[in-house]
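Chains as they are written, first to last, in the numbering used here: chain A, 22 to 178; chain B, 549 to 656.
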């Protein structure tokens, strides 16, 4: 199975397993702007609204940052594979990484009722992911974390 | 890419943001804000008109700034957010924590 084809240059070109967008990132936050730019271009070509482009990028950032922060505590180099498939009805996303096993959806939801002084710094990323996506799934397969997401698109009239 | 500039207006420091506030640029914003607060600017107004992207990394910075200004009896206002950005603040409950205005003028 050739799930990790190391082909960062295949952005926007359907790969052999049916994804429309594919990008392989190093496990550093500095890679995020390049991902965002590529996703924005892909989204515009796919007819997404500006809101959908931003929400998809936000979700990708939260999960990639989460993978970087939790997956490589020893500071080793790693890779995060981002794939997207889009149809008229939905956006499907799969994020795979070679970090330590970690299910992001076990993170407790933040208490939104707290005042400024009591609100903890952080902890909102996964909450935003859940809010913007209609399906969030996690699996640990073949020593890799795999997050699967679906966002239904509003039907255009 | 995030560009930050600021100008004093009517007793406030208006901080104009342009571009993306993400995990890669949030630290730059945090340092800028803490430096301004350190210089005695405790009434901050953020102008979001030219911001096209925020994530939880941005929320983290604004909460940090709000906490700091809370203890200094200062204020922080957020202005000119587009609907998509405003939605992020609404979902995370931050709309209740911050004064949000349609324009910078209203915040002054």
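All C-beta atoms in this analysis are idealised placements derived from N, C-alpha and C, irrespective of residue type, glycine included. Predicted, not measured: the structure shown is a model, and the values here were computed from it.
Query - CB contact below 8 Å: residue 54 of chain A versus chain B - result: Your numbering for residue 54 of chain A matches position 33 in the first chain. Taking 8 Å as the threshold, the shortest C-beta distance from residue 54 of chain A to chain B falls below it.
**Report entry** residue 639 of chain B: contacting residues in chain A (beta-carbon distance under 7 Å)
**Finding:** Translated into the one-based positions of the second chain, residue 639 of chain B becomes position 91. Neighbours of residue 639 of chain B on chain A, chain order: 149, 152.
**Report entry** Three or more C-beta pairs below 8 Å linking the segment 626 to 635 of chain B and the segment 589 to 609 of chain B
**Finding:** yes
**Report entry** Reference residue 101 of chain A; option with closest CA among A:111, A:107, A:117, A:91
**Finding:** Taking the first residue of the first chain as 1, we reach residue 101 of chain A at position 80. It is A:117.
**Report entry** Contact residues within the segment 122 to 141 of chain A, judged by C-beta distance below 9 Å to chain B
**Finding:** Those residues of the segment 122 to 141 of chain A that come within reach of chain B (Cβ to Cβ, closer than 9 Å) are 131, 132, 133, 134, 135, 136, 137, 138, 140, 141.
Query - Whole-angstrom distance between residue 580 of chain B and residue 170 of chain A, CA atom to CA atom - result: Reading the first chain from its first residue, position 149 is the one you call residue 170 of chain A. Reading the second chain from its first residue, position 32 is the one you call residue 580 of chain B. Taking the straight line from one Cα to the other gives about 35 Å.
**Report entry** Straight-line gap, residue 120 of chain A to residue 558 of chain B (C-alpha atoms, nearest Å)
**Finding:** Sequence index remark: in the first chain, residue 120 of chain A carries index 99 (1-based). Sequence index remark: in the second chain, residue 558 of chain B carries index 10 (1-based). Each residue's alpha carbon lies about 50 Å from the other.
Query raised in the report: When the Cβ atoms of the segment 55 to 70 of chain A are set against those of the segment 134 to 145 of chain A, are three or more pairs found closer than 8 Å?
Result: Taking 8 Å as the limit for Cβ pairs, the verdict is that the segment 134 to 145 of chain A does not touch the segment 55 to 70 of chain A.
Query raised in the report: Are residue 636 of chain B and residue 84 of chain A touching if we call contact CB-CB under 8 Å?
Result: If you number the second chain from 1, residue 636 of chain B lands on position 88. If you number the first chain from 1, residue 84 of chain A lands on position 63. Cβ distance not < 8 Å, so residue 636 of chain B and residue 84 of chain A don't count as in contact.
Requested in this report: Report the rounded CA-to-CA distance for residue 70 of chain A versus residue 64 of chain A, giving the unit in angstroms.
Outcome: As a first step, residue 70 of chain A is located in the first chain; it is residue number 49 there, counting from the start. As a first step, residue 64 of chain A is located in the first chain; it is residue number 43 there, counting from the start. If I take the Cα positions, the gap works out to 8 Å.
Requested in this report: With a 10 Å radius around its C-beta and 16 neighbouring C-beta atoms as the bar for buried, classify residue 107 of chain A as buried or exposed.
Outcome: The residue you call residue 107 of chain A lines up with position 86 of the first chain. Looking at its Cβ environment, which holds 16 or more other Cβ atoms inside 10 Å, residue 107 of chain A is buried.
Query raised in the report: What is the DSSP secondary structure of residue 123 of chain A, counted as helix, strand or coil?
Result: The count along the first chain starts at 1 and reaches residue 123 of chain A at position 102. Reduced to three states, the DSSP call for residue 123 of chain A is coil.
Requested in this report: Measure from the C-beta of residue 551 of chain B to each C-beta in chain A and report whether the shortest distance is under 8 Å.
Outcome: Start at 1 with the first residue of the second chain, and residue 551 of chain B comes out as number 3. Chain A has no Cβ within less than 8 Å of the Cβ of residue 551 of chain B.
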